[in-house]
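Per numbering that gives the first Met the number 0, the sequence shown starts with residue 0, numbered consecutively.
Every residue, glycine too, gets a C-beta built ideally from N, C-alpha and C.
Below is one structure, written out as C-alpha cells, with a few remarks after it.
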Amino acid sequence: MFGYEQFRGPQQAIVEHVVAGGDALVLMPTGGGKSLCYQIPAIARQQAGCGITIVVSPLIALMHDQVGALHEAGVEAAFLNSSLSSEQAAQVEKRLLRGEITLLYAAPERVTTPRFLAQLDSLAERGQLALFAIDEAHCVSQWGHDFRPEYRALSVLHERFAGVPRIALTATADALTRADIVERLQLEEARQFVSSFDRPNIRYTIVEKKDASTQLLRFIEREHEEDAGIVYCQSRRKVEDTAQALCDAGLKALPYHAGLDPAVRQTNQDRFLREEGLVMVATIAFGMGIDKPDVRFVAHLDMPKNIEGYYQETGRAGRDGLPADAWMTYGLQDVVNQRRMIDESPAGEEFKQVMRGKLDALLSLAEGTDCRRVRLLAYFGEIYPVNQASAAGPSQGGHGPTSEQSAGQAGTEGQQGHEVPSVGARCGNCDNCLNPPAVWDGTDAARKLLSCIYRVHQSSGISFGAGHLMDILRGKDTEKVRQFGHETLSTFGIGAEFSEVQLRGVLRQLIAIGAVAVDAQAFNTLQLTEGSRAVLKGEVTIRLRESVSTPTAKRARRPGSVAPAGINLGVDAQARFINLKSWRAEVAREHNLPAYVIFHDATLATIAERAPQTLDDLQGISGIGAKKMEAYGEEVLRVVGG
Ligand code: ADP
Ligand code: ZN
C-alpha cells in the first residue's frame, strides 16, 4: 500500500508486536517513520476483523492532510474535529459505528468526551475497537516541551478499554519525559522500542551571534537558495521582523506565532506545506506534527531552552533522508535571557533547578569544540561509535538498530562541558568535525574576569553587568568607570590583551559552567558563585573556540540543478523531473493536498532518472504503492514520455 521496499530500523518489530495485540511505547526521532508503526497495524487488524483504530493527535490543523495522505495510499481514514460541520461530524460518526473506517483521527479533548467514549463502548462491545494510537505522547508530560493537560485524561482509555492494545509514540527521548509518559498513560506493561536518535543526514552548525539577521541571510543565500526551511525565533516581534527582513532580501518568507489571527496562521501553514521554497519564520508554536519531508534547513536565531527542544526542532529538517542543515546562532544575550526566564518563572525551585541543568547542557553543546552529534546523542544516553564517521548523504536507513537500552543519563549537568562519553568519536557531518575550531586556553582570562567581578563588588558594594566589567578589564576610560572610580582598581586593565569578543566567550563559558551567576532581578549583574572558586584556584581549565568567521560554502548546489539536495540528475532527467513536478503540483491542487502527499521529491527524481516506459518499469520504485500506481501510473508514463 505504501510502496516501500522495506521497513526502516525497528518498524518491523514494532508492527509485528502491535499487530499481535501488544502495547508499545515507541521512541523514534522525528523523520524516523513513526506513522507506519501504527498505520500498518491498523490496516492489518482491521483486515483481521478487529475493527477500528483511534489515533489521538493534538493537531487539528494537520488532520486533514494526514487523512488525505492515507486516502492517496488507499486507506479508509477520517477525522473528527471542530473544523467539521455538525452534519459532517454526524456522517463520520455513522461510518465509525458501521466500521467503515480503518483509522479515525481525533484530538484528546474529543476522545475523552462522554459522548465519544459511549460510541467507543458500543464498538468495544462488538469487538470492533482494534487499537489506540497515541501520537506525540510527550504532550502528557510537563517535562516535555508541548505539555497538553488534555492528554492526562487519556488514562481513561486504559481504564475503560483494558483489552484494547495501545501504542504511544514520541520523538522526545529524555528519561524524565519517558518515565512520565509510562506513568501517566499507564504503559508499565508496554514494550519499549527505543531507536537510535541519530539523524545522519542533518548537518549541525552552531555559530557565534554577531549580526544574526545578516548571518542568517548569508547562510540561506549560500546554501539554501530556493529551499524550504524553518527559522525559529524567541519572540513574536522578532518573528515579524525577521520574516520582513527575508522578504526584503527577496526571499519568500512567512511569519507564524501564537499572536497571529488563527486564520492567518492556518493560511501560512498551508502555504508552507503546499508551496515550494517557502521559509517559515516562527516561534516554537510552529512545528509539531509538520511532516513536510523536504524541509532543507532549520535555523535558530535564538537559543532554545534545552537540548530536547533543539533536537525536536532541528529534527524537522530532512525527513526525506536527503542532506539537510541545522544551523544556530547564539550569544551572551541568549544565555542571559534564558537564565532570566527560568529565574523569573513562577515554578518551584526544584523545577527551576532541572531547567537550569538543561540549559547548561545546551550551552555546553554550543560552546563545545568536539563533535556536535556525539554530544547530542550522549545527551540522550546514546554512545556514538568511535569509528562510525558516517558519510553524510542520502542515507534512508540510518536509524540504527533498536535497543531496549536503559534510560541512560539525561543531561550533562555538572560536567565541565568538555568531557563526553565517546571521546574522539567524530561524525564527519557537523561544523566541528568539518572545520575543527582552533582552541585557545582561556583559563587566565577567566581568572582575571572573576577577580575583576570580585574586586568591583568589594570596592563598590554593588555588582555590575558584563559590558562595564569588560571595560574595566580592558582598561577602557569610560564615563561609568570614572563615576565609580574603577580606574583605581587593581584589576583595571589587567585583561587588556584580550579582545572583547574573547572575553565574551570566556564569560559565556563561565556562565555555562555555573562559575558566574547572572542576577536577573538586578539588571543582569554578574556575581561569583560557589563554582568560581575552582576556576580562581586554577583547578578548572577553560578551553574556548577561537572566534572564526563563518566557513565558506561546502555544499553549494550545482548551478542550474533543479534536483533536490544530494541527488544528481543528467540533463534529460532534469527536464523530466521538472515536468513531473509541475504535473504533481496540478494534482496536489486538485486534491487540495501538499505535493509531497502525492509523491516525494525522491520518488519523482527516481522516476525521472529511470525514464520508465511501461507500468512494469514503474513497479518497485520506492513510494509508489498499489493505489498510486493505479491512480497515477499511466499519467506518470505520459508525462515522462511526452
Ligand atoms: P515521524 O512521524 O517519525 O517523524 P514519518 O512517519 O512522518 O516520521 O516518516 C518520515 C518519512 O519517512 C515519511 O515521509 C515516510 O513516508 C517515510 N518512510 C517511513 N517509513 C518508510 C520506509 N519503511 N521506507 C521508506 N520511507 C519511509
Ligand atoms: Zn561531528
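Does DSSP classify Arg198 as helix, strand or coil? Correct three-state label for Arg198: coil.
Hey, how far is the Cα of Ala60 from the Cα of Met287? Just so you know, the alpha carbons of Ala60 and Met287 end up roughly 11 Å apart.
The alpha helix (DSSP H) enclosing Arg147, as first and last residue numbers: First-last for Arg147: undefined, no H or E at that position.
Pro113 by DSSP, collapsed to three states: which one? The three-state reading of DSSP puts Pro113 in helix, counting H, G and I together.
Quick check: the Cα distance between Gly392 and Arg372, rounded to an integer number of angstroms? At Gly392 the pLDDT is 37, less than 50, meaning the model places this residue with poor confidence and gives no usable figure here.
Taking the DSSP output, what are the residues bridged to Arg190? Paired residues: Ala23.
Near Ala252, which residues of its chain fall below 6 Å by C-beta distance, leaving aside the five closest residues on each side in sequence? Contacts found: Ala242, Leu245, Cys246, Val278, Val280.
Determine whether the beta carbon atoms of Ala316 and Phe285 lie at a separation below 9 Å. In this structure, Phe285 does not lie closer than 9 Å to Ala316 by Cβ.
Is it buried or exposed, Leu614, if we count other Cβ atoms within 10 angstroms and call 16 or more buried? Flag for Leu614 reads exposed.
Measure how close the beta-carbons of Asp64 and Pro593 come, nearest whole angstrom, since I'm counting them as under 8 Å. About 6 Å separates the Cβ atoms of Asp64 and Pro593, confirming a contact at the 8 Å cut-off.
Three-state secondary structure (DSSP) of Thr526: Looking at the sequence provided, one finds Gln at residue 526 rather than Thr. Strand at Gln526.
Counting only the same chain and skipping the five closest in sequence on each side, list residues whose C-beta sits under 6 Å from that of Ile205. Around Ile205: Met327, Ala365.
Identify whether Arg221 lies in helix, strand or coil by the three-state DSSP scheme. Residue state, collapsed to three classes: helix.
Okay, do the stretch 465–480 and the stretch 168–188 touch, 3+ Cβ pairs below 8 Å being the bar? Segments in contact, no.
Give the C-beta separation of Ala132 and Val55 to the nearest angstrom, bearing in mind that I take them to be a contact with Cβ-Cβ under 8 Å. Yes, Ala132 and Val55 are in contact; Cβ-Cβ is about 7 Å, under 8 Å.
List the residues that DSSP assigns as beta-bridge partners of Trp439. Answer is Leu543, bridged to Trp439.
What is the rounded straight-line gap between the Cα of Gln573 and the Cα of Tyr595? Straight-line spacing of the CA atoms in Gln573 and Tyr595 works out to 18 Å.
Span separating the alpha-carbon of Pro40 from that of Lys357: The straight-line gap from Cα to Cα measures roughly 36 Å.
Mind checking which residues open and close the beta strand (DSSP E) that includes Gly652? Since the first and last residues shown for the chain are 0 and 641, residue 652 lies out of range.
Looking only at its own chain, which residues have a Cβ that is under 7 Å from the Cβ of Arg264, when we skip the five neighbours before and after it? So the qualifying residues of the chain are Tyr255.
Let me confirm a value: Ala167 is counted as buried when at least 16 other C-beta atoms fall within 10 Å, else exposed. Which label applies? The residue in question, Ala167, is buried, as its Cβ has 16 or more Cβ neighbours within 10 Å.
In chain order, what residues place their C-beta within less than 5 Å of a heavy atom belonging to the ligand ZN? Every residue whose beta carbon comes nearer than 5 Å to a heavy atom of the ligand ZN appears here in chain order: Cys370, Arg372, Cys426, Cys429, Cys432.
Consider the C-beta atom of Pro40 and the heavy atoms of the ligand ADP; say whether any pair is separated by less than 8 Å. No, Cβ of Pro40 sits at least 8 Å from all heavy atoms of the ligand ADP.
Tell me the residue span of the beta strand (DSSP E) that contains Val238. Val238 -> not in any beta strand (DSSP E); alpha helix (DSSP H) instead, spanning 235–247.
Could you say which of Phe598, Ile201, Met302 lies nearest to Gln671 if we only look at CA atoms? Nothing can be reported for residue 671: it is not among the residues displayed for the chain, which extend from 0 to 641.
Between which residues of its own chain and Glu412 is the CB-CB distance below 7 Å, once the five residues before and five after are set aside? Any answer about Glu412 is weak, because its pLDDT of 31 lies below 50 and its placement is not dependable; what the coordinates show is given next. So the list reads Gly356, Asp359, Ala360, once near-sequence residues are dropped.
Residues bridged to Pro254 [DSSP beta-bridge criterion]: Bridge partners of Pro254: Val280.
Below 8 Å on the Cβ atoms is my guess for Arg202 versus Asn428; work out the distance and round it to an integer in Å. Contact holds; Cβ gap of about 5 Å.
So, is Ser724 buried or exposed, given that buried needs 16 or more other C-beta atoms within 10 angstroms? Within the shown structure, residues of the chain are numbered from 0 to 641, placing residue 724 beyond reach of any answer.
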